[in-house]
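Quick note: the sequence shown uses our numbering, first residue 6, plus one each step.
All residues carry an ideal CB built from backbone N, CA and C; glycine is no exception.
Notes to accompany the following structure.
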Amino acid sequence: MTTLIKNIGELATPVGAGKQSGAMQNDCVKRIKNAYILIDGSKIIEVGEGEAPAADEVIDAKGALITPGLVDPHTHLVFGGYREKELAMKLKGMDYLAIHNAGGGINSTVKATREASADELYAKASEHLDFMLANGVTSVEIKTGYGLDTENEVKMLQVIKKLKANHKVDIAITFMPLHSLPDDFDGSTSDYVKYAIDEMLPAVIDEGGAEFIDVFCEKDIFTADECKQVLEAGKSAGLIPKCHTNEIERIGGVEMATSIGSISMEHLIVANSEDIAVMKNFDTIACLLPATSFYLGSTYALAREMIDNNVAVAFGSDFNPGSCPNNNFVLAMNIGCLKYKMTPEESLCAATLNAAAAINKAQDLGIIEVGKQADILIWNANNLDYIFYRFGQNLVSQVIKSGEKI
Ligand code: NIG
Ligand code: FE
Numbered sequence: 006m007t008t009l010i011k012n013i014g015e016l017a018t019p020v021g022a023g024k025q026s027g028a029m030q031n032d033c034v035k036r037i038k039n040a041y042i043l044i045d046g047s048k049i050i051e052v053g054e055g056e057a058p059a060a061d062e063v064i065d066a067k068g069a070l071i072t073p074g075l076v077d078p079h080t081h082l083v084f085g086g087y088r089e090k091e092l093a094m095k096l097k098g099m100d101y102l103a104i105h106n107a108g109g110g111i112n113s114t115v116k117a118t119r120e121a122s123a124d125e126l127y128a129k130a131s132e133h134l135d136f137m138l139a140n141g142v143t144s145v146e147i148k149t150g151y152g153l154d155t156e157n158e159v160k161m162l163q164v165i166k167k168l169k170a171n172h173k174v175d176i177a178i179t180f181m182p183l184h185s186l187p188d189d190f191d192g193s194t195s196d197y198v199k200y201a202i203d204e205m206l207p208a209v210i211d212e213g214g215a216e217f218i219d220v221f222c223e224k225d226i227f228t229a230d231e232c233k234q235v236l237e238a239g240k241s242a243g244l245i246p247k248c249h250t251n252e253i254e255r256i257g258g259v260e261m262a263t264s265i266g267s268i269s270m271e272h273l274i275v276a277n278s279e280d281i282a283v284m285k286n287f288d289t290i291a292c293l294l295p296a297t298s299f300y301l302g303s304t305y306a307l308a309r310e311m312i313d314n315n316v317a318v319a320f321g322s323d324f325n326p327g328s329c330p331n332n333n334f335v336l337a338m339n340i341g342c343l344k345y346k347m348t349p350e351e352s353l354c355a356a357t358l359n360a361a362a363a364i365n366k367a368q369d370l371g372i373i374e375v376g377k378q379a380d381i382l383i384w385n386a387n388n389l390d391y392i393f394y395r396f397g398q399n400l401v402s403q404v405i406k407s408g409e410k411i
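Written as structure tokens, this is what we have:
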């Protein structure tokens with residue numbers, strides 16, 4: 006069955022093969038007036054301007070803005086409980102690591118996630134995904150990392166696999182064994198690292214479904230050397246490395262993650278010119294999480310300097326119950342555009358094509374082009390600038406996922 010989207014006021018999409026960096030992060034985004042898109046089944050088969058061809062079904066966009074479906078390449082979307090109790094501590098001036106070290110933070114979510122049944126985790130995550138799809142996210146990455154023992158990491162993985170099988174959103178799965186040192190290890194990170202490599206990793210590989218491996222390389226969490234051991238082991242087992250680093254302090258994560266070939270590095274809030282000088286020599290994508298800086302009240306990553314140094318920038322929501330309890334990805338994009346001073350074009354590329362590249366899916370997602378998956382948004386807006394200008398509004402009016410109207 007063919008579907009035609011006609012009367013498109015502005016078709017804004019990145020074009021190009023793979024991630025876009027430097028001036029191309031802006032220039033790859035085309036804004037085509039008076040366009041149409043023809044879909045057959047789940048794929049785009051024609052994109053043009055002017056006179057539109059006939060089709061079985063016609064969607065009249067009535068002059069609206071059209072973009073690719075959004076790709077959120079960084080979430081911790083499966084978790085037990087919430088952490089609103091930390092808000093008061095935060096407002097009194099306790100920072101993220103102080104809350105973590107006082108027994109709150111990630112380990113309190115680990116406790117709640119271990120206590121929750123797979124069905125409970127599934128139902129809650131499914132609702133969060135419904136909200137994200139309705140608000141324009143057609144593909145999402147989800148990490149484990151709140152189980153932190155074999156039984157519970159596999160439980161999380163099974164929940165994510167079930168979401169992937171049943172939910173309309175496309176899901177990429179990341180195993181995150183080094184998220185925090187669980188209480189069971191009496192403060193011994195080295196014992197836990199060994200356990201992660203010798204026991205958790207083989208069980209996760211056995212279960213199947215994970216494509217990426219991620220770690221939290223941070224002061225008081227895991228050292229660059231510990232993270233390296235686990236990422237190397239994951240890589241040998243066929244997983245693609247990712248790395249949370251430079252969220253709070255610089256402890257060598259950038260050198261480590263780039264040199265072992267990570268597909269992306271996450272956060273980079275405190276990455277400085279010295280780090281960017283390293284990053285520019287590698288293909289690793291800077292996956293920036295603007296809503297996390299906003300919620301933590303921290304500074305913002307040096308996105309402009311990264312772009313000027315040819316580092317490809319992607320945006321992620323980082324949705325999680327602690328450092329970023331927000332799953333409105335458009336709001337994260339709005340914060341990114343405004344606080345990083347990135348153009349609407351650069352910001353759209355960061356949330357579509359570069360985000361797809363950060364989960365190794367740029368060949369199929371994040372771009373409106375013949376042969377790509379028909380993940381398309383119709384906005385309650387006439388042009389790309391408007392969705393960044395009206396920050397905090399949910400302006401997606403119609404989501405088309407793999408050719409199907411949602
Ligand atoms: O990306 N920094 C590490 N992990 C998450 C936070 C998880 C949590 O606080 O529960 C992040 O911000
Ligand atoms: Fe994260």
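Identity of the residue in the options nearest residue i by Cα
i: Cys-329; options: Val-316, Ala-208, Glu-91 and Ala-123; result: Glu-91
i: Glu-374; options: Arg-36, Glu-51 and Ala-276; result: Glu-51
i: Gln-403; options: Glu-237, Gly-86, Ala-262 and Asn-385; result: Asn-385
i: Gly-376; options: Arg-119, Leu-43 and Cys-33; result: Leu-43
i: Val-220; options: Gly-213, Leu-206 and Arg-88; result: Leu-206
i: Glu-5; options: Cys-232, Val-159 and Ser-264; result: Limits of the chain in this structure are 6 at one end and 411 at the other, which puts residue 5 out of reach.
i: Pro-349; options: Gly-321, Val-198, Val-34 and Cys-292; result: Val-34
i: Asn-339; options: Ala-362, Asn-315 and Phe-396; result: Phe-396
i: Thr-80; options: Asn-399, Asp-380 and Asn-332; result: Asn-332
i: Leu-378; options: Ser-47, Lys-224 and Ile-202; result: What sits at residue 378 in the sequence shown is Gln, not Leu. Selected option, being the one with the closest Cα: Ser-47.
i: Lys-116; options: Lys-173, Lys-169 and Gly-85; result: Gly-85
i: Asp-45; options: Ala-282, Val-198, Ala-60 and Asp-225; result: Ala-60
i: Asn-12; options: Gly-192, Glu-54, Asn-31 and Ser-113; result: Glu-54
i: Ala-215; options: Glu-146, Val-235, Met-311 and Val-335; result: Glu-146
i: Val-335; options: Asn-399, Val-318 and Met-270; result: Asn-399
Rounded C-alpha distance that separates residue i from residue j
i: Ala-308; j: Lys-24; result: 16 Å
i: Leu-370; j: Glu-15; result: 19 Å
i: Lys-166; j: Val-83; result: 11 Å
i: Leu-294; j: Cys-222; result: 16 Å
i: Lys-38; j: Thr-8; result: 19 Å
i: Asp-188; j: Leu-153; result: 10 Å
i: Ala-296; j: Ile-274; result: 12 Å
i: Gly-109; j: Ile-372; result: 40 Å
i: Val-259; j: Asp-280; result: 6 Å
i: Tyr-391; j: Glu-120; result: 44 Å
i: Asp-288; j: Ala-22; result: 14 Å
i: Thr-72; j: Thr-143; result: 12 Å
i: Asn-325; j: Leu-301; result: 12 Å
i: Gln-163; j: Gly-68; result: 43 Å
i: Phe-393; j: Ile-176; result: 26 Å
i: Gly-341; j: Asn-314; result: 18 Å
i: Lys-240; j: Ile-268; result: 11 Å
i: Val-198; j: Leu-102; result: 20 Å
i: Ile-3; j: His-249; result: As shown, the chain starts at 6 and ends at 411. That puts residue 3 outside it, with no answer to give.
i: Met-99; j: Ala-242; result: 39 Å
i: Ile-202; j: Gln-368; result: 31 Å
Cβ neighbour criterion (16 or more within 10 Å) applied to residue i
i: Tyr-200; result: buried
i: Tyr-87; result: exposed
i: Ser-195; result: exposed
i: Lys-247; result: buried
i: Met-6; result: exposed
i: Asn-387; result: exposed
i: Pro-58; result: exposed
i: Asn-171; result: exposed
i: Ala-40; result: buried
i: Asn-286; result: exposed
i: Ala-306; result: buried
i: Glu-409; result: exposed
i: Lys-148; result: buried
i: Thr-118; result: buried
i: Ser-322; result: buried
i: Asp-65; result: exposed
i: Thr-304; result: exposed
i: Ala-93; result: exposed
i: Ser-193; result: exposed
i: Leu-389; result: buried
Neighbour flag for residue i against chain B, beta carbons, 8 Å
i: Lys-199; result: Absent here is chain B; the protein component of the structure consists of one chain.
Would you list, in sequence order, the uninterrupted beta strand (DSSP E) runs of no fewer than 3 residues that lie entirely inside the region 46 to 106? 48 to 54, 62 to 65, 70 to 73 and 75 to 77
Contact between the region 132 to 142 and the region 108 to 124: three or more CB pairs below 8 Å? no
Uninterrupted alpha helix (DSSP H) stretches inside the region 141 to 193 (no shorter than 4 residues): 155 to 171
Between the region 99 to 113 and the region 333 to 346, do at least 3 Cβ pairs fall closer than 8 Å? no
My parser needs the beta strand (DSSP E) runs of 3 or more residues fully inside the region 315 to 342; what are they? 318 to 320
Counting Cβ pairs closer than 8 Å, one from the region 63 to 77 and one from the region 348 to 360, do we hit at least three? yes
Sufficient close CB pairs (3 or more, under 8 Å) joining the region 255 to 270 to the region 175 to 187: no
Runs of alpha helix (DSSP H) wholly within the region 372 to 405 (minimum 4 residues, chain order): 389 to 394
Note down, one range per segment and in chain order, each beta strand (DSSP E) of at least 3 residues found wholly within the region 17 to 47. 34 to 45
Please give me, in chain order, every unbroken run of the alpha helix (DSSP H) with length at least 4 that falls completely inside the region 251 to 294. 258 to 264 and 278 to 284
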